[in-house]
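A quick write-up on the structure given underneath.
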Amino acid sequence: MPSPAIHEHLAAFRALKTDLFQKDFLLTWEHPSEEIQAILTLAETLKRLHQEGFSYRAFDTGLAISIFRDNSTRTRFSFASAAGAMGFSLSDLDEEKSQVAHGETVRETANMISFLTEVIGIRDDMFLGEGNSYMREVGDALTDGAEQGVLHRRPSIINLQCDIDHPTQSLADLAWLKKHFGSLDKLKGKKIAMSWAYSPSYGKPLSVPQGIIGLMTRFGMNVSLAHPEGYGLIPEVMDIAKKNAAESGGSFRNREQHGGSIQGCPHRLSQVLGAFPRHAAAHETPEGL
5 MPSPAIHEHL
15 AAFRALKTDL
25 FQKDFLLTWE
35 HPSEEIQAIL
45 TLAETLKRLH
55 QEGFSYRAFD
65 TGLAISIFRD
75 NSTRTRFSFA
85 SAAGAMGFSL
95 SDLDEEKSQV
105 AHGETVRETA
115 NMISFLTEVI
125 GIRDDMFLGE
135 GNSYMREVGD
145 ALTDGAEQGV
155 LHRRPSIINL
165 QCDIDHPTQS
175 LADLAWLKKH
185 FGSLDKLKGK
195 KIAMSWAYSP
205 SYGKPLSVPQ
215 GIIGLMTRFG
225 MNVSLAHPEG
235 YGLIPEVMDI
245 AKKNAAESGG
255 SFRNREQHGG
265 SIQGCPHRLS
275 QVLGAFPRHA
285 AAHETPEGL
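Basically this note's numbering = 1-based index in the sequence shown + 4.
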């Protein structure tokens with residue numbers, strides 16, 4: 005029998021208002037805070053069920069499709085684990101081995117892979133202006149396919165990292181902070197720094213730091229972004245972080261240096277950042293640092 009803690013989490017989840025069924029999850033700031041809280045609450049419930057040895061299989065059949073246009077280990081296997089736990093068969097679309105390599109359109113491919121599909125996870129993070137737009141193009145094709153009767157129902161799309169946001173990563177970070185401090189309310193006033201880090205290999209996508217500043221500022225945290233001059237983030241995401249901070253009672257500071265912005269900050273996340281202008285042009289090789 006599940007523990008009382010599981011029943012408490014389920015009761016807390018049911019008390020929250022959500023509108024996630026058959027919807028896409030592409031950017032955290034497109035969803036109200038109550039939905040973010042519901043996702044974390046359900047994730048904790050499923051984690052406890054697994055720890056206690058209970059199945060939480062929800063589907064008897066169906067596919068989960070993954071499309072990785074960039075390398076992945078953690079997100080790839082996290083998505084695969086979730087698909088298996090839910091009862092889905094997982095299929096990975098390798099575009100080089102599909103008709104996409106012969107010029108098949110996004111509309112055709114999206115519908116062909118979706119006849120028995122319930123969810124599609126997509127990673128497309130290499131070029132600004134490309135990844136999130138591609139996910140929405142797939143979504144539009146699926147909506148049209150369902151409306152035209154090609155698909156029995158429209159699969160949901162989950163952003164497994166794009167050029168703008170990495171919601172599964174930032175939500176996992178938020179879940180850890182919630183557990184560490186005891187609740188989301190206890191994050192208010194806490195300091196966190198998102199800092200640039202050097203890598204000899206290549207400049208990572210901007211979506212991880214953008215995901216952090218776009219999410220943590222919603223929960224009253226004092227967020228600092230530290231980076232060398234010329235290695236800033238997308239201005240629109242910076243504006244979202246400022247707006248979130250103003251509404252939540254937190255703060256957002258952008259410092260083009262390492263010094264003062266992380267002094268006295270006990271919680272620091274580091275990410276190798278490519279410069280915003282260097283990633284702006286699609287189909288150019290992203291430059292390293």
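Yeah, the Cβ is synthetic: ideal placement off N, Cα and C, and Gly gets one too.
Cα atoms of Glu56 and Pro8: separation of roughly 12 Å, rounded to the nearest angstrom. A residue is called buried once 16 or more other Cβ atoms fall within 10 Å of its Cβ, and His54, having fewer, is exposed. Beyond the five residues adjoining it in sequence on each side, Tyr138 comes within less than 6 Å, by CB distance, of Asp128 in the same chain, given in chain order. Around Gln26, the same chain offers Arg157, Arg158 and Ser160 as residues with beta carbons nearer than 8 Å, after the five sequence neighbours per side are excluded. The C-alpha of Ile238 is placed about 32 Å away from the C-alpha of Asn115. Listed in chain order, the non-local C-beta contacts of Thr113 below 6 Å within the same chain comprise Val104, local neighbours out to five positions each way being set aside.
Around Ile71, the same chain offers Leu97 and Ile126 as residues with beta carbons nearer than 6 Å, after the five sequence neighbours per side are excluded. In the same chain as Glu141, and ignoring 5 residues on each side of it, the C-beta atoms closer than 7 Å to its own belong to Val110, in chain order.
Here the alpha carbons of Leu50 and Leu14 stand approximately 10 Å from one another.
Every beta strand (DSSP E) of 3 residues or more that sits fully in the stretch 16-74 is shown, in chain order, as 67-72. By the CB criterion at 8 Å, Thr32 and Leu219 fall inside the cutoff. Non-local beta-carbon contacts of Met225 in its own chain, meaning distances under 6 Å to residues more than five positions away in sequence, involve Leu191, Lys194, Ile196 and Gly254 in chain order. Closest by C-alpha distance to Ala47, out of Lys182, Ala145, Pro232 and Ile124, is Lys182. Counting C-beta atoms within 10 angstroms of its own C-beta, Thr65 has fewer than 16 neighbours from the protein chains shown and is therefore classed as exposed. Ser211 sits in a helix when the DSSP states are folded into three classes.
Put simply, of Leu30, Glu260 and Pro232 the residue whose alpha carbon is nearest the alpha carbon of Gly143 is Leu30. Our two residues, Ile43 and Phe83, have alpha carbons roughly 15 Å apart in a direct line. Measuring C-alpha to C-alpha distances from Glu39 to each of His231, Leu24 and Leu146 identifies Leu24 as the nearest. In the same chain as Ser37, and ignoring 5 residues on each side of it, the C-beta atoms closer than 7 Å to its own belong to Arg222, in chain order. Residues Phe256 of the same chain have their beta carbon placed closer than 7 Å to that of Lys246, with the five preceding and five following residues left out of the count. The C-beta of Thr45 has 16 or more other C-beta atoms within 10 Å across all chains shown, which makes the residue buried. Cβ-Cβ separation between Leu132 and Asp167: approximately 5 Å, consistent with a contact (criterion under 8 Å). Around the beta carbon of Thr77, fewer than 16 other beta carbons lie within 10 angstroms, which makes this residue exposed. Note on geometry: alpha-carbon atoms of Phe119 and Pro213 lie some 36 Å from one another. Scanning its chain for C-beta atoms nearer than 7 Å, with the 5 sequence neighbours on each side dropped, one finds around Ile216 the residues Ser174, Asp177, Met198 and Leu273, in chain order.
With fewer than 16 neighbouring CB atoms inside 10 Å of its own CB, Phe81 falls in the exposed class.
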